[in-house]
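Peer 1: Dumping the structure here so I can ask a few things about it.
Residue numbers (our numbering): 173 to 425.
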């Protein structure tokens, strides 16, 4: 049975060329009417597509026309229908960020990879960490800290020396970015159900910004993060090349 496909592509010329070739071969439909959405680009575009199509029922199948392509499948024009029929589905929950700014405004966003709090001035940030209402660290002096999902654990989290988490694990990674005090703090694993709160110490002198999948909020005084269990993203992968395999493979390169 043929599927109605919506082809979305990043602005990169190689992605636009690929989209034109695939549309000529398979046709195209609106995302709202599609059985499956094919995203052409890199991981950044895949995150953009997942956020943009969140209300839709159609799963997203990515083909790499970017660089790393951790969330993408290999690109091919000739056997797309067969690959879609055989594809395996992964379901992931995003993080919910609630950032309160110095002026009292509150900003909310969802993040598939991670929510990070980052220093926004010349001095290190000072953070107080509370988990489920219980104070866990009185003061973390650092360039920042982040909470990463299993799907996002190989991205910024891994670059910051955080752990790679298996897909399906009920934990999140709390990772410090360039910690100064405690100097050798290795971060922590927290339950997926946890509510993590970062309070900014002396934010006037040490300004901090918050980011949810690179969407920034400046001049924050506190950030609360939790898993958004009411939202599910459905991603398709070729058999044997799903997120579980990719997460294992990343640890041996």
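C-beta atoms are modelled at their ideal positions from N, C-alpha and C, and glycine is treated no differently.
Bear in mind the structure is a predicted one, so any value in this text is a computation, not a measurement.
Three or more C-beta pairs under 8 Å: does that hold for the region 186-204 against the region 266-279?
Peer 2: At 8 Å Cβ cutoff, the stretches do not touch.
Peer 1: With contact counted as at least three CB pairs below 8 Å, one residue from each stretch, are the region 355-363 and the region 237-256 in contact?
Peer 2: With a cut-off of 8 Å, the region 237-256 and the region 355-363 do not count as touching, because too few Cβ pairs lie within range.
Peer 1: By the three-class DSSP mapping on this structure, what secondary structure does residue 179 have?
Peer 2: The residue you call residue 179 lines up with position 7 of the chain shown. Residue 179 falls in the strand class under three-state DSSP.
Peer 1: What's the call for residue 270, buried or exposed, on a 16-neighbour Cβ count within 10 Å?
Peer 2: By one-based count along the chain shown, residue 270 stands at place 98. So residue 270 counts as buried.
Peer 1: What are the boundary residues of the alpha helix (DSSP H) that residue 204 is part of?
Peer 2: Locating residue 204 in the chain shown gives position 32, where the first residue counts as 1. It is not in any alpha helix (DSSP H) - residue 204 carries neither H nor E in the DSSP assignment.
Peer 1: Nearest by alpha-carbon distance to residue 320: which of 285, 368, 251 is it?
Peer 2: Working through the chain shown from its first residue, we reach residue 320 at position 148. Closest option to residue 320, Cα to Cα, is 285.
Peer 1: Please list the terminal residues of the continuous alpha helix (DSSP H) segment that includes residue 236.
Peer 2: Here residue 236 refers to the residue found at position 64 of the chain shown. Looking at the DSSP string, residue 236 is not in any alpha helix (DSSP H); the run it does join, the beta strand (DSSP E), is 232-236.
Peer 1: Rounded to the nearest angstrom, how far is the Cβ of residue 221 from that of residue 180, given a contact under 8 Å?
Peer 2: The sequence position of residue 221 within the chain shown is 49, counting from 1. The sequence position of residue 180 within the chain shown is 8, counting from 1. Going by Cβ atoms, the distance from residue 221 to residue 180 rounds to 6 Å, so yes, they are a contact pair.
Peer 1: When you compare only the Cα positions, how much space is there between residue 216 and residue 331?
Peer 2: Within the chain shown, the letter at position 44 stands for residue 216. Within the chain shown, the letter at position 159 stands for residue 331. If I take the Cα positions, the gap works out to 16 Å.
Peer 1: Give me the Cα-Cα distance between residue 377 and residue 214, rounded to the nearest whole angstrom.
Peer 2: Sequence index remark: in the chain shown, residue 377 carries index 205 (1-based). Sequence index remark: in the chain shown, residue 214 carries index 42 (1-based). Between residue 377 and residue 214, the C-alpha separation is close to 37 Å.
Peer 1: Would the beta-carbon of residue 208 fall within 7 Å of that of residue 193?
Peer 2: Start at 1 with the first residue of the chain shown, and residue 208 comes out as number 36. Start at 1 with the first residue of the chain shown, and residue 193 comes out as number 21. Not a contact, by the Cβ cut-off of 7 Å.
Peer 1: State the Cα-Cα distance for the pair residue 287 and residue 365, rounded to the nearest angstrom.
Peer 2: Within the chain shown, numbered from 1, the residue matching residue 287 stands at position 115. Within the chain shown, numbered from 1, the residue matching residue 365 stands at position 193. Approximately 15 Å between the Cα atoms of the pair.
Peer 1: Can you list, in chain order, the residues of its chain with a C-beta nearer than 7 Å to that of residue 404? Leave out the 5 residues immediately preceding and following it.
Peer 2: Within the chain shown, numbered from 1, the residue matching residue 404 stands at position 232. For residue 404, where only same-chain residues beyond five positions count, the Cβ hits under 7 Å are 263, 265.
Peer 1: Quickly, what does DSSP pair residue 245 with across the bridge? List them, please.
Peer 2: On the chain shown, position 73 is the one that residue 245 refers to. DSSP lists 235 as partners of residue 245.
Peer 1: Roughly how many whole angstroms lie between the Cα atoms of residue 340 and residue 372?
Peer 2: Sequence index remark: in the chain shown, residue 340 carries index 168 (1-based). Sequence index remark: in the chain shown, residue 372 carries index 200 (1-based). Taking the straight line joining both Cα atoms gives about 31 Å.
Peer 1: Starting from the Cα of residue 311, find the closest Cα among 370, 205, 410 and give me that residue.
Peer 2: Mapped onto the chain shown, residue 311 falls at position 139. Comparing Cα-Cα distances from residue 311 to each of 370, 205, 410, the minimum goes to 370.
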